[in-house]
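Residues 105 to 307 in our numbering are what the sequence shown spells out, letter by letter.
Structure first, commentary second.
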Amino acid sequence: MRLLSPGHAQLWWWTLPAELAEVDSAARSRWVWVRVRALLARHADVDDSELVIRRSANGKPEAPQLHQAFSLAHDDAVAVLAIGAVAQLGVDVMSDRGFANPQRLARRLLTPPELAQWLASPRELQLQLLRARFCATEAVVKALDWRLWPALGGIHFVRQGRVARVPLKRAQLHLVDGRRGDASFALASDVELVEVSHFEGGR
Numbered sequence: 105m106r107l108l109s110p111g112h113a114q115l116w117w118w119t120l121p122a123e124l125a126e127v128d129s130a131a132r133s134r135w136v137w138v139r140v141r142a143l144l145a146r147h148a149d150v151d152d153s154e155l156v157i158r159r160s161a162n163g164k165p166e167a168p169q170l171h172q173a174f175s176l177a178h179d180d181a182v183a184v185l186a187i188g189a190v191a192q193l194g195v196d197v198m199s200d201r202g203f204a205n206p207q208r209l210a211r212r213l214l215t216p217p218e219l220a221q222w223l224a225s226p227r228e229l230q231l232q233l234l235r236a237r238f239c240a241t242e243a244v245v246k247a248l249d250w251r252l253w254p255a256l257g258g259i260h261f262v263r264q265g266r267v268a269r270v271p272l273k274r275a276q277l278h279l280v281d282g283r284r285g286d287a288s289f290a291l292a293s294d295v296e297l298v299e300v301s302h303f304e305g306g307r
C-alpha cells in the first residue's frame, strides 16, 4: 500500500483523446474512471476488481481501502486525480474556455470589491480570473462533500485566495492553485499541504 506522508498530495494527470470531445460526457467519464480505478487500486494494493468505490449522499466518491483521501475532476480535454494524506480533499480543473454568462457567474462568485476590480479588467483576464475562482469554489465544495449552488456566496476567500473560510460548515480549508498546459486547477484540503507532486497518468 502506498501511503503518503502527512500533508503530502499527488496530482495525476490525463489528457483525453481528441475523439472523446465528439462523444457524450458519460463516455468521457467512463474513459477517465477506467484509468482512475486502476491507479487507486495500485495505491490501495488491491486488485482492480476488488477495489470498492462508494458514493456519499451528495455523490462524492470514496475508496475505503485506500486509507487516504482522493478527489477527481475532468472536463472535455483533461482529467486530474488528487490523492492526499489529509482528511478532506477536493480538486477541480477547467480547460480554457468561455462562459455562457460570465457577468452573472462573477456576481455569484466574487465579493463587491472583487467584482468591481473584475469589471475593470480586460476580457481575457476576466475569463482567467473567473476560471480560477470557479475551480477554487468547486474544489472547496468537493472537499466538504457539499453542493455547488448552495455554496455560492457562502465561501470567503482570504489570504490572497490561499484560505477558504466556510462559516455554514464551520470549516477552513487551504488552497493550492495553478495552471497546467491550457487548464486551470485548484486543490482544497483541511490542512496546509507540505508538498504537491504532479505525475502523468498515461493512457
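Yeah, the Cβ is synthetic: ideal placement off N, Cα and C, and Gly gets one too.
None of the values given here were measured: they were computed from a predicted structure.
- Phenylalanine 261 and leucine 120 have their C-alpha atoms some 31 angstroms from each other.
- Inclusion of glycine 188 and glutamine 172 in the CB contact set at 8 angstroms is warranted, their separation being smaller than that value.
- No Cβ-Cβ contact shorter than 8 angstroms links valine 190 with tryptophan 116.
- Counting C-beta atoms within 10 angstroms of its own C-beta, aspartate 128 has fewer than 16 neighbours from the protein chains shown and is therefore classed as exposed.
- Less than 8 angstroms separates the beta-carbon of glycine 265 from that of alanine 240.
- With the rule of 3 Cβ pairs closer than 8 angstroms, the region 282-300 counts as touching the region 223-240.
- The alpha helix (DSSP H) runs lying completely inside the region 221-286 and spanning 4 residues or more are 227-247, 252-255, given in chain order.
- With the rule of 3 Cβ pairs closer than 8 angstroms, the region 200-219 does not count as touching the region 135-143.
- At a Cβ-Cβ threshold of 8 angstroms, alanine 186 and valine 195 count as neighbours.
- Under DSSP, glutamate 166 shares a beta bridge with Arg158.
- The C-alpha of leucine 176 is placed about 15 angstroms away from the C-alpha of valine 300.
- In terms of Cα proximity to alanine 145, the closest of Phe174, Leu124, Ala113 is Phe174.
- DSSP, read as helix, strand or coil, puts serine 153 in helix.
- Contact between leucine 248 and alanine 220 does not hold, since their C-beta atoms are separated by about 28 angstroms, which reaches or exceeds 8 angstroms.
- Remark: C-beta atoms of tryptophan 118 and arginine 139 approach each other more closely than 8 angstroms.
- The criterion of a C-beta distance shorter than 8 angstroms is not satisfied by valine 245 and glycine 111.
- When the five nearest sequence neighbours on each side are left out, the beta carbons in the same chain lying within less than 6 angstroms of the beta carbon of phenylalanine 203 are those of Leu209, in order along the chain.
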